[in-house]
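Trainee:
Chains as they are written, first to last, in my numbering: chain V, 1 to 115; chain Y, 1 to 116.
(1) Measure the C-alpha to C-alpha separation of residue 18/Y and residue 4/Y and round it to an integer number of angstroms.
(2) Roughly how many angstroms separate the alpha carbons of residue 73/V and residue 116/Y, rounded to a whole number?
(3) What in chain Y is Cβ-close to residue 43/V, meaning under 7 Å?
(4) Below 7 Å CB to CB, which residues in the same chain sit around residue 87/Y once its five sequence neighbours on both sides are set aside?
(5) Which residues in the same chain have their Cβ closer than 8 Å to the Cβ of residue 8/Y, if we skip the five residues on either side of it in sequence?
(6) Give me the residue from 88/V, 95/V, 36/V, 38/V with the minimum Cα distance to residue 18/V.
(7) Quick one: list the residues of chain V neighbouring residue 33/Y, beta-carbon separation under 8 Å, in chain order.
(8) Report the residue from 90/V, 44/V, 3/V, 29/V whose alpha carbon sits nearest the alpha carbon of residue 21/V.
(9) Can you name, in chain order, every residue of its own chain whose Cβ lies under 7 Å from the Cβ of residue 15/V, other than the five neighbours on each side?
(10) Looking at the unbroken beta strand (DSSP E) that takes in residue 11/V, where does it start and where does it end?
(11) Are there any heavy atoms of the ligand ATP lying less than 7 Å away from the beta-carbon of residue 79/Y, as far as the coordinates show?
(12) Given that a residue counts as buried once 16 or more other Cβ atoms are within 10 Å of its Cβ, and exposed if not, what is residue 12/V?
(13) Nearest by alpha-carbon distance to residue 79/V: which of 30/V, 31/V, 3/V, 36/V is it?
(14) Give the interface partners of residue 47/Y over in chain V, defined as CB-CB distance under 7 Å, in chain order.
(15) Mapping the DSSP letters down to three states, classify residue 84/Y as helix, strand or coil.
(16) Residue 3/V: buried (16+ other C-beta within 10 angstroms of its C-beta) or exposed?
(17) When the cut-off is 8 Å and only beta carbons count, does residue 44/Y lie next to chain V?
(18) With 16 as the cutoff for other CB atoms within 10 Å, does residue 12/Y come out buried or exposed?
(19) Taking the alpha carbon of residue 46/V as the reference point, which residue from 61/V, 55/V, 101/V, 53/V has its own alpha carbon closest?
(20) Under DSSP, the beta strand (DSSP E) around residue 139/Y begins and ends at which residues?
(21) At what residues does the beta strand (DSSP E) containing residue 51/Y begin and finish?
(22) Which same chain residues end up closer than 6 Å to residue 89/Y when comparing Cβ atoms and leaving out the 5 residues on each side of it in sequence?
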């Protein structure tokens with residue numbers, strides 16, 4: 001149980017385009033999902049907390065207009081990187097919180113490369 | 001101050017031996033939870049084990065056990081009988097009770113390499 005999927009697993013796009021990444025909890029409902037960014041050989045950096053039915057809470061320094069988060073249902077959160085630039089290239093990973101155990105389960109991640 | 005400190009950037013262990021990965025934490029909140037995750041080269045974060053601040057017993061999950069020393073604020077992960085598949089990055093993380101969003105703070109990680 002507690003499986004989280006993420007799609008796509010990797011994406012290459014041109015500078016200036018937008019990319020949408022989906023995060024789904026497959027066998028549980030998650031009122032709270034989290035989006036992280038990870039650079040090579042580094043730890044996870046929390047970008048935002050996604051709450052079902054309300055606006056996401058962004059961490060300091062994360063541009064909410066650039067990283068649009070939508071949590072429209074209890075099993076789906078999306079992250080849209082708008083007007084992507086090469087410096088947005090990174091590994092993006094989501095997690096969903098299983099309320100009964102208060103444990104975050106992670107998706108497999110999405111590797112974004114912006115040319 | 002760092003909330004979660006992992007002082008070992010890299011560790012090597014011989015197959016079938018036990019290894020301890022260190023983690024110390026800093027919080028003034030009496031209610032907190034400590035987690036260990038494994039991240040193989042493929043990138044996914046795999047939940048391994050959890051310890052609550054009020055838990056009396058050290059957590060165990062199969063070959064994983066957590067050596068929880070509350071007074072020293074340490075939560076070391078012990079992997080027994082290491083296997084080649086254990087080679088990965090290991091992250092210690094903490095959730096503090098006061099953070100209503102239940103966010104996790106991660107350490108910098110330890111790269112474990114299991115030698116044949």
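Where is the CB? At the ideal position from N, CA and C, for every residue including glycine.
Mentor: In short:
(1) If I take the Cα positions, the gap works out to 23 Å.
(2) Approximately 46 Å between the Cα atoms of the pair.
(3) The contacting residues are 91, 106, 107, 108, 109.
(4) A distance below 7 Å between beta-carbons, with the five flanking residues on each side excluded, links residue 87/Y to the following residues of its chain, in chain order: 112, 113, 114.
(5) Leaving aside the five residues that flank residue 8/Y on each side, the residues in its chain whose CB is nearer than 8 Å to its CB run, in chain order, 21, 22, 110.
(6) Distance check between residue 18/V and each of 88/V, 95/V, 36/V, 38/V places 88/V closest, using alpha-carbon atoms only.
(7) 102, listed in chain order.
(8) Taking only the C-alpha atoms, the option nearest residue 21/V is 90/V.
(9) Around residue 15/V: 84, 85, 86, 114, 115.
(10) Boundaries of the beta strand (DSSP E) around residue 11/V: 10-13.
(11) Looking for the ligand ATP in the displayed structure turns up nothing, as the structure carries no ligands at all.
(12) Taking a 10 Å sphere around the C-beta of residue 12/V, we find fewer than 16 other C-beta atoms and assign the residue as exposed.
(13) Looking at the Cα atoms, 36/V is the closest of the given residues.
(14) Ordered by position in chain V, the residues that pass the 7 Å Cβ test against residue 47/Y are 103, 105.
(15) For residue 84/Y, the three-state secondary structure derived from DSSP is helix.
(16) Counting Cβ neighbours within 10 Å, residue 3/V comes out exposed, since fewer than 16 surround it.
(17) Cβ-Cβ to chain V under 8 Å: yes for residue 44/Y.
(18) So residue 12/Y counts as exposed.
(19) It is 61/V whose Cα lies nearest to the Cα of residue 46/V.
(20) Absent from the model: residue 139/Y. The displayed extent of chain Y is 1 to 116, so no value can be given.
(21) That run of the beta strand (DSSP E) goes 46-52.
(22) Closer than 6 Å at the Cβ level, and outside the excluded window around residue 89/Y, lie 39, 109, 111.
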